[in-house]
Structure formats: C-alpha cells, structure tokens
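Participant:
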Amino acid sequence: MGNGHPVAAVITTKEISRSFKNTGIEYFNTYGGNPVSCTVAKTVMEVIERENLRDHATKVGNHLLNSLRQLMSKHQLIGDVRGVGLFVGIELVTDRVRKTPATAEAQHIVSRMKEEHILVSSDGPDRNVLKLKPPMVFSIANADLLVTTLDRLLEEVKESGLISDNKGPNLITSDLEVDSKKMKFICRNIEHHSSDLIET
C-alpha cells in the first residue's frame, strides 16, 4: 500500500468495529496515524486510481497467464500455471501424473532468471512453484520478455539431461549443489538404476 514504505491499514464493517469496542479492550498503536506514512499511502492510492493500474494489472496478468499456459504444451516440466492479476504461480514437476515436485529445477530457474536480470522467487512446501509478483506498472512487453526468457531457460534444463523430452522425466531423484561459481545438478540415471551420482 505504501509502494515500499511501511504502512498498513485494517478495513472492517461498523458492526465488527462496534463488537470490538464493546469488549472494553482499548487498542493503541504508538505509530498509528503517522502523517508521513498516511501521506505516502494516500498518494500511492491516488496514482493507482488515476493511472487505472488495477485494470492494467488484470489485462497484463491475463496476457501473462495465457502465454505461460501455452508453454505447458512445450515443456513437460510445467505442471500447472495459476494466478489472479499479476500474482502468478508456475508449478514445476518432474512427473505431471504424480505431481512430483521439481525443486532442484525450480531453484536453478530462479538463479538463472536472476542472471538474466529478472527477479522471481520459489514458494510452496517443496519450493517448486515459481512465484511472480511484479509491480502494477508491469507491461505486456515486460511479460513477453519474462515468458521468452523462461522458455529459453526451460529448454536449457531439458537439454541438460534433467528431463529427456515432453514424454516425461528420466529421473528418480534430483538435488542441487551450489558452489561459489555455478549451480550444479546432481541426478541419478534411472535407465541403469545406478546408485552412482552422475553430474550433468
């Protein structure tokens, strides 16, 4: 609400507010109503309204979701794409049927996207969901750049041997090792059912 400035507000109904007051408990906040924070928040909301950023986020978000869903037919690693507006999640899996989390691959993508000057993060219990939360001024051109970059990096992962093709994964386990210079994938070869680790 403060576009980076720390500010928060609680919005409720009169009925709920009265019920809280009737408990006899007084609420006090040392920094409540800070004039600087209130001015910042008010200005941000005025800009959002004036520049119609809510509708803009809906329009660009729909374009982004549709573009990402088109990648699903090309990349088996994408198990699901979901979101509302510009808050988008891309779930990476090594097996779409079993929904096996592709945690190592997700962490690799996050790192590589950063190298491409695109900031995304991972979320979920298994940290295999790429989380996108761009600012409301995020444009269709920005969305297209993100999608084309992700497409290229997913192809990178595929060519590395982590997954063989769109027919499915050829891994039974994967892990991620990090050193000071680069990311390394350590994977097991399912074809030979070997316990030896193969570095790719």
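For the numbering used here, add 2 to where a residue sits in the sequence shown, where the first one is 1.
For glycine and all other residues, C-beta sits at the position ideal for the given N, C-alpha and C.
As the structure is a prediction and not an experimental result, all values here were calculated from the model.
Flag this pair as yes or no: are the beta carbons of Leu-88 and Pro-37 separated by less than 7 angstroms?
Facilitator: As a first step, residue 88 is located in the sequence shown; it is residue number 86 there, counting from the start. As a first step, residue 37 is located in the sequence shown; it is residue number 35 there, counting from the start. Cβ distance not < 7 angstroms, so Leu-88 and Pro-37 don't count as in contact.
Participant: Around the Cβ of Leu-121, are there at least 16 other Cβ atoms within 10 angstroms (buried) or fewer (exposed)?
Facilitator: Position 119 of the sequence shown, counted from the first residue, corresponds to residue 121. Looking at its Cβ environment, which holds fewer than 16 other Cβ atoms inside 10 Å, Leu-121 is exposed.
Participant: With DSSP as the reference, label Phe-30 as helix, strand or coil.
Facilitator: Looking up residue 30 in the sequence shown gives position 28. Note: Phe-30 maps to coil in three-state DSSP.
Participant: So, with DSSP's three-state summary, where would you put Ile-188?
Facilitator: For this step, residue 188 is matched to residue 186 along the sequence shown. Here the model assigns Ile-188 a pLDDT of 37, short of 50, so the residue's position is not dependable, and the following value carries that caveat. If DSSP states are grouped into helix, strand and coil, Ile-188 belongs with the strands.
Participant: Using 8 angstroms for Cβ pairs, my map puts Thr-105 next to Arg-129. What's the rounded Cβ distance?
Facilitator: Here residue 105 is taken as the residue at index 103 of the sequence shown, counted from 1. Here residue 129 is taken as the residue at index 127 of the sequence shown, counted from 1. The Cβ separation is near 5 angstroms, so the contact holds.
Participant: Ignoring anything shorter than 3 residues, give me the beta strand (DSSP E) runs that lie fully in the stretch 60-96, in order along the chain.
Facilitator: As far as the stretch 60-96 is concerned, its whole beta strand (DSSP E) runs of at least 3 residues are 80-86.
Participant: Sort Ser-113, Asp-146, Glu-53 by Cα distance to Val-159 and report the nearest one.
Facilitator: Here the question's residue 159 lines up with position 157 in the sequence shown. The residue with the shortest Cα to Cα distance from Val-159 is Ser-113.
Participant: Output the boundary residues of the beta strand (DSSP E) element that contains Lys-16.
Facilitator: Within the sequence shown, numbered from 1, the residue matching residue 16 stands at position 14. Premise fails: Lys-16 lies in the alpha helix (DSSP H), 16-23, not in any beta strand (DSSP E).
Participant: Contact check, Gly-4 vs Val-46 under 8 angstroms by CB: the rounded distance?
Facilitator: By one-based count along the sequence shown, residue 4 stands at place 2. By one-based count along the sequence shown, residue 46 stands at place 44. Contact holds; Cβ gap of about 6 angstroms.
Participant: Can the beta-carbon of His-77 be found closer than 7 angstroms to that of Leu-156?
Facilitator: The sequence position of residue 77 within the sequence shown is 75, counting from 1. The sequence position of residue 156 within the sequence shown is 154, counting from 1. Going by C-beta atoms, His-77 is nearer than 7 angstroms to Leu-156.
Participant: So, using beta-carbon positions, are Ser-124 and Ala-108 closer together than 7 angstroms?
Facilitator: Indexing the sequence shown from 1 puts residue 124 at position 122. Indexing the sequence shown from 1 puts residue 108 at position 106. Cβ distance < 7 angstroms, so Ser-124 and Ala-108 count as in contact.
Participant: Would you list the residues sitting across from Lys-133 in a DSSP beta bridge?
Facilitator: Numbered from its first residue, the sequence shown carries residue 133 at position 131. Lys-133 is bridged to Gly-91, Ser-123.
Participant: Look at the alpha carbon of Ala-11 and the alpha carbon of Asn-144, and state the distance between them as a whole number of angstroms.
Facilitator: Counting from 1 along the sequence shown, the entry for residue 11 is found at position 9. Counting from 1 along the sequence shown, the entry for residue 144 is found at position 142. Computed Cα separation, rounded: 31 angstroms.
Participant: Please report whether the beta-carbon of Ala-43 lies at a distance below 7 angstroms from any beta-carbon of chain D.
Facilitator: Checking the listed chains, one finds no chain D in this structure; it contains a single protein chain.
Participant: Check the C-beta distance from Leu-132 over to Ile-111 and give it rounded, since I have them as a contact under 8 angstroms.
Facilitator: In the sequence shown, the residue the question calls residue 132 occupies position 130. In the sequence shown, the residue the question calls residue 111 occupies position 109. The Cβ separation is near 6 angstroms, so the contact holds.
Participant: In angstroms with no decimal places, state the Cα-to-Cα distance between Met-2 and Gly-81.
Facilitator: Since the displayed the chain opens at 3 and closes at 202, residue 2 lies outside it and no answer follows.
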